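Trainee:
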Amino acid sequence: MSKTVLLTLGRMPKSLDLARGFHALGWRVVVAEPFAWHLCRASRMVSKSLRVRAPARDPDGYLDDLRKVIERERIDLIVPVSEETLHVAGLAEGLAAGVRLYAPPRAALIELHDKLTFARKMRALGLPVPETHPADSDAGETLAADRAYVLKPANSCAGLGVSMHAAGTPLPERGARRDLVVQERLDGRLLSSFSMLRAGRVLVTSVYRGVVMSGTVAVCFERLGEHAGIADFVASFARKTGYSGFASFDFVEDDAGRVRAIECNPRVTSGIHFPLSRSRGCCAGDRRA
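Everything in the sequence shown is counted per the working numbering, starting at 3 for the first residue and increasing by one.
(1) List the DSSP bridge partners of I80.
(2) For the beta strand (DSSP E) containing A249, name the first residue and the last one.
(3) What does DSSP give as the partner residue(s) for N267 in the beta ladder?
(4) Just mark P36 as buried or exposed, buried being the case when its beta carbon has 16 or more other beta carbons within 10 Å.
(5) Report the partner residues of G227 according to the DSSP bridge assignment.
(6) Scan the stretch 88-162 and note each continuous beta strand (DSSP E) run of 3 residues or more that stays entirely inside, going in chain order.
(7) Near A76, what residues of its chain come up, given a Cβ to Cβ distance below 8 Å and the 5 sequence neighbours on each side ignored?
(8) Along the chain, where does the beta strand (DSSP E) that runs through F196 open and close?
(9) For P15, count the other beta carbons within 10 Å of its own beta carbon; 16 or more makes it buried, fewer makes it exposed. Which is it?
(10) For A21 versus M3, is the C-beta spacing smaller than 8 Å?
(11) Determine the direct distance from the alpha carbon of D67 to that of E73, and round the result to whole angstroms.
(12) In chain order, what residues of the same chain have a beta carbon less than 7 Å from the beta carbon of R55, not counting five sequence neighbours either side?
(13) Taking S238 as the reference, which of M166, L127 and L41 has the closest Cα?
(14) Looking only at DSSP bridge pairs, what is V184 linked to?
(15) For P277, count the other beta carbons within 10 Å of its own beta carbon; 16 or more makes it buried, fewer makes it exposed. Which is it?
(16) Quick test of your reading: V32 and L11, contact by CB under 8 Å. State the CB separation rounded to the nearest angstrom.
(17) If you measure between the beta carbons of D181 and P155, is that distance less than 8 Å?
(18) Can you name the start and end residues of the beta strand (DSSP E) that L52 belongs to?
Rendered as C-alpha cells:
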C-alpha cells in the first residue's frame, strides 16, 4: 500500500515539482491550500486538493484544518513548502505515531529566518558570514560609517525592504530602524543553494544563480555545477546542527572563490527545480517510499 504525503501549499511551481517527485516515488499526494484554484489542483500527480483556512488570517484555524486533513487522509509525511512552514511547524507536538513532519522545530526556523540571529548562529558555528548588527546599535552605526553596507528588515522575504548604501550614508533615525539590520556589503558574485537535509546529513544540494533580476530578487535562474565552498558550508551546517528539513542559503563569492552566507531561507526555493524528479522526494526517508 502506498504512503501518503501532505504538501501544505499548492499554488507555486515548487509545490508542483515536489508533487511530481513524490509521485515518481510511488507516493499518494494530497495538497492543502487556502485558494480553491491553484497550480497543483490541475495536476494528475495530485490525488486530492483540500481547501484550508489561510494561516496569515487564522493561524489556529489553519492548524486545525491541517490536523483534520492528516487524520482523514491518513497522512504519513507532512512537507511544508514556503513561508507557511513557520505555521506548519506548530504541528510537531501532538502528531500521531507514524506521522512525520519534514521540518525542524519552530524555534530553529525562526532563528534561521531572522537575518541577525542567522548571522550570529553561523558565526558561533564557525561558518563564514559578513559582519551583521542591529541597525539601532552602536556597532551598526560604526559599520555603516566605515564600510559599504546593506540595510534590510530582520524578518522579510522576496527582497522586500532591502537597500544598498555607500560607506558613510546616514542610517534612518533610530526609532525607524528598530527592526532593521546593517550588514557589511560584499563585492562578488551572488550564488544560491537549495538543500534537503535529514538528521545532519545532506541528501540533495543544487547550486544556482539568478540571471534575470527584478530589483534584488532573481526571476530567472541558471543551474551551476558543484561548488566546493558551498558544499563544505552546507555539510558543516548540517553536521553541526543535526538539521532536518529544507535549507536554502544565499552567498557572495569573492574573486578567490571563497563564499560567505548572507542569509538563509529555511524552506523550499527555486533551487527545487534543478534536482532530478525522483530526488525531490528523497526527504521521504527511504528509497522505496
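The beta carbon of each residue, even a glycine, is placed where N, CA and C say it ideally should be.
Model, not experiment: these values are computed from the prediction.
Mentor: Well, looking at it:
(1) L8 and L103
(2) G247 to E255
(3) S250
(4) buried
(5) Paired residue(s): none; G227 is not in a bridge.
(6) 134-136 and 151-155
(7) The sequence shown places Arg at residue 76, not Ala. So the qualifying residues of the chain are T6.
(8) R191 to R200
(9) exposed
(10) no
(11) 10 Å
(12) P36, G63, Y64 and D67
(13) L127
(14) H135 and L153
(15) buried
(16) About 12 Å; that fails the 8 Å criterion.
(17) yes
(18) K50 to R53
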